[in-house]
Amino acid sequence: MQSYRSEYSHRDHLGNTRLTFSDLNNNRRIEYGATPSEIMQEEHYYPFGLNQVGDWYATTAPENKY
Numbered sequence: 303m304q305s306y307r308s309e310y311s312h313r314d315h316l317g318n319t320r321l322t323f324s325d326l327n328n329n330r331r332i333e334y335g336a337t338p339s340e341i342m343q344e345e346h347y348y349p350f351g352l353n354q355v356g357d358w359y360a361t362t363a364p365e366n367k368y
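So for the sequence shown, this note's numbering puts the first residue at 303; every next one is plus one.
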């Protein structure tokens, strides 16, 4: 028996898909810390529309503490 799941996309004001998610356990909440994550795809863009590649959030503290 095949099962289907619905995926939903959140778009920004320019029409770019920023987030794709699905409610895998049907509890009507999107849980991002769960395993497996219910966030299927996440995209980040530079100000002029180029797609960012790799980690978008630096996890190391800067040397000058700002």
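Quick reminder that beta carbons are idealized off the backbone N, C-alpha and C, glycines included.
Remember, predicted model here, so these are calculated numbers, not experimental data.
Helix, strand or coil at residue i [DSSP, three-state]
| i | result |
| --- | --- |
| I341 | strand |
| S305 | coil |
| Y348 | coil |
| H315 | coil |
| Y334 | coil |
| L326 | coil |
For residue j and residue i, believed in contact at Cβ under 8 Å, the rounded distance
| i | j | result |
| --- | --- | --- |
| E345 | R320 | 6 Å |
Member of the options whose CA lies at the smallest distance from the CA of residue i
| i | options | result |
| --- | --- | --- |
| E309 | H315, Q343 and P349 | Q343 |
| R307 | Y348, I332, L326 and A336 | L326 |
| L316 | E333, S305, Y347 and P338 | Y347 |
| T322 | R313, L352 and R330 | R313 |
| F350 | S305, S311 and N318 | N318 |
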